[in-house]
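As structure tokens, the structure follows; a few thoughts come after it.
In my numbering, the protein residues as written are 311 to 408.
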């Protein structure tokens, strides 16, 4: 398994600058299943980036921002500032300030 087919490496197609590239962690096999093992520091950084975030999916009509903010304030307390980022159809990432 991997990103190579024949002698062609698909990673060579990327025009993304190296400093913006996501690190590549090769697949390893464990009990017959493919696994990706990442270094602990990468795992910790990912955890730190997402520790104040929440994924929300709305079923049906999406509420307006004011109604949504009121619901957030009821659940997590008044004055809690947050950013609502669209992430797909009816899917949002809510990022709270620390």
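A virtual CB, placed ideally from N, CA and C, is assigned to each residue, including glycine.
Find the nearest neighbour of residue i within the set the options, judged by alpha-carbon distance.
| i | options | result |
| --- | --- | --- |
| residue 397 | 391, 376, 366 | 366 |
| residue 382 | 346, 406, 345 | 406 |
| residue 355 | 385, 376, 333, 378 | 333 |
Tell me which residues share the same chain as residue i and place their Cβ nearer than 8 Å to its Cβ, disregarding the 5 neighbours each side in the sequence.
| i | result |
| --- | --- |
| residue 402 | 365, 366, 367, 368, 394, 395, 396 |
| residue 353 | none |
| residue 391 | 406, 407 |
Taking 7 Å as the limit between beta carbons, can you name the residues of its chain near residue i, skipping five residues before and five after?
| i | result |
| --- | --- |
| residue 372 | 400 |
| residue 335 | 346, 347, 348 |
Quick one: what does DSSP say residue i is sitting in, helix, strand or coil?
| i | result |
| --- | --- |
| residue 398 | strand |
| residue 369 | coil |
Whole angstroms are fine: how far does the CA of residue j sit from the CA of residue i?
| i | j | result |
| --- | --- | --- |
| residue 347 | residue 357 | 15 Å |
| residue 341 | residue 386 | 43 Å |
| residue 339 | residue 380 | 48 Å |
| residue 378 | residue 384 | 10 Å |
Identify the residues that DSSP records as bridge partners of residue i: which are they?
| i | result |
| --- | --- |
| residue 405 | 363, 393 |
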